[in-house]
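S.K.: First the structure, which I've put down as structure tokens, then a few questions once you've had a look.
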Amino acid sequence: MKRIATPALALAAFALTAPAFAGGYSEPVVEQPVITPAPVMPVAGTDWTGGYVGATIGYGWGDNALDGADDMTYGVYGGYDYDFGNFVLGGELEYNATEMEEGDNSLDNLTRLKLRAGYDMGPALVYGVVGAAYGEADINGASYNDTGYVYGLGVDYAVSDNMTVGAELLQNEFDEFDNSGEDLSATTLGARVSFRF
């Protein structure tokens, strides 16, 4: 009887555990994390509309009555721009003192009233300049002052909402400077820092 009971118990135990082996082994399902792409934010353009003030330092060299004169220039300026989208139009008043001299001839200072027109490239503004220039100079030891014209190119770059850095290359022309019998020309290249409001 013991011989029959042992196999019968083993068979009963197997029958009870058989459902656990049904279907065989299967890999557990692991849910993959859902990755959503970061939202695409539109690149905000720079709005150049508003007033600004700043300072400039640079270098100048002369021609005609100032032939051979070259040295430092430095000054202050203020203006206002209006951004029409891709086109920016503005005006600026600038005062520059200069150390340009050669012998008895020197350019003491320049005051410029400039019209700026440029292309809005986002954080950069590339522009052209035309306007009037007023200069005070010594020619052959005598003091003169006169009004001429200025033209050139410039670029500003916005480093923050309220601060820009830039550069301007300007040509200043005075024909028959204050009836002195001499033409006077000066080229200036200046680095600029502006605070916008």
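According to mature numbering (1 follows the signal peptide of the UniProt record, and there is no 0), the sequence shown holds residues -22 to -1, 1 to 175 in order.
Beta carbons are placed, not taken as given, at the ideal position from N, Cα and C, and that holds for glycine.
1. Shortest alpha-carbon distance to MET78 belongs to which of ALA120, ASP48 and ASN87?
2. Can you tell which of THR27, THR34, ASN83 and VAL108 has the C-alpha that lies nearest to the C-alpha of LEU91?
3. Any idea what DSSP makes of ASP59, helix, strand or coil?
4. How many Å lie between VAL171 and ASP45 at the Cα?
5. Using a threshold of 8 Å, state whether the C-beta atoms of THR27 and ASP82 are closer than that.
6. Excluding sequence positions up to five away, which residues of its chain have a Cβ less than 8 Å from the Cβ of TYR97?
7. Look at the Cβ atom of LEU148, then the Cβ atom of VAL133, and state whether they are nearer than 8 Å.
8. Between which two residues does the beta strand (DSSP E) harbouring SER172 extend?
9. With a floor of 3 residues, list each beta strand (DSSP E) that falls wholly inside the stretch 111 to 145, ordered by position along the chain.
10. Going by beta carbon distance, what residues of the same chain come within less than 8 Å of MET141, once the five residues before and after it are set aside?
11. DSSP state of ASP25, grouped into three classes?
12. Looking only at C-alpha atoms, which of GLU70, ASN42 and GLY38 sits nearest to SER158?
13. Evaluate ALA110 with the Cβ neighbour count: other Cβ atoms within 10 Å of its Cβ, from every protein chain shown; 16 or more gives buried, anything less gives exposed.
14. Among residues of its own chain, excluding the 5 on either side of GLY69, which ones have a beta-carbon nearer than 8 Å to its beta-carbon?
15. For LEU71, I'd like the list of residues in its chain whose CB is within less than 7 Å of its CB, leaving aside the five on either flank, ordered along the chain.
16. What does the alpha-carbon distance come out to for the pair ASN150 and LEU85?
17. Taking SER84 as part of the beta strand (DSSP E), name the residues at either end of that continuous run.
18. Relative to the C-alpha of GLY40, which residue among GLY32, TYR135, THR51 and GLY119 is closest?
M.R.: According to the data block:
1. Within the sequence shown, the letter at position 100 stands for residue 78. Nearest of ALA120, ASP48 and ASN87 to MET78, Cα basis: ASP48.
2. Mapped onto the sequence shown, residue 91 falls at position 113. When only C-alpha atoms are compared, the closest one is VAL108.
3. Here residue 59 corresponds to residue number 81 of the sequence shown, with the count starting at 1. Here ASP59 sits in strand by DSSP.
4. If you number the sequence shown from 1, residue 171 lands on position 193. If you number the sequence shown from 1, residue 45 lands on position 67. In a straight line, the C-alpha of VAL171 is about 30 Å away from that of ASP45.
5. Numbered from its first residue, the sequence shown carries residue 27 at position 49. Numbered from its first residue, the sequence shown carries residue 82 at position 104. Not closer than 8 Å, so no.
6. Translated into the one-based positions of the sequence shown, residue 97 becomes position 119. So the list reads ASN64, PHE65, VAL66, LEU103, VAL104 and TYR105, once near-sequence residues are dropped.
7. As a first step, residue 148 must be located in the sequence shown, where it is residue number 170. As a first step, residue 133 must be located in the sequence shown, where it is residue number 155. No; because the gap between Cβ atoms is not below 8 Å, this pair is not in contact.
8. Counted from its first residue, the sequence shown places residue 172 at position 194. Start and end: 162 to 174.
9. 120 to 136
10. On the sequence shown, position 163 is the one that residue 141 refers to. Excluding positions up to five away in sequence, the list reads VAL171, SER172, PHE173 and ARG174.
11. Within the sequence shown, the letter at position 47 stands for residue 25. Correct three-state label for ASP25: coil.
12. As a position in the sequence shown, residue 158 is number 180, starting the count at 1. Checking every option, the nearest Cα to that of SER158 belongs to ASN42.
13. Residue numbering aside, residue 110 sits at position 132 when the sequence shown is read from its first letter. It counts as exposed.
14. Position 91 of the sequence shown, counting from 1, holds the residue named residue 69. Cβ within range, chain order: GLY57, TYR58, LEU91, LYS92, LEU93 and ARG94.
15. As a working mapping, residue 71 is identified with position 93 in the sequence shown. Cβ neighbours of LEU71 beyond the five flanking positions: TYR55, GLY56, GLY57 and LEU91.
16. Working through the sequence shown from its first residue, we reach residue 150 at position 172. Working through the sequence shown from its first residue, we reach residue 85 at position 107. Near 11 Å, if we compare the C-alpha coordinates of LEU85 and ASN150.
17. Working through the sequence shown from its first residue, we reach residue 84 at position 106. Run containing SER84: 83 to 98, per the beta strand (DSSP E) assignment.
18. As a working mapping, residue 40 is identified with position 62 in the sequence shown. Closest by alpha carbon: THR51.
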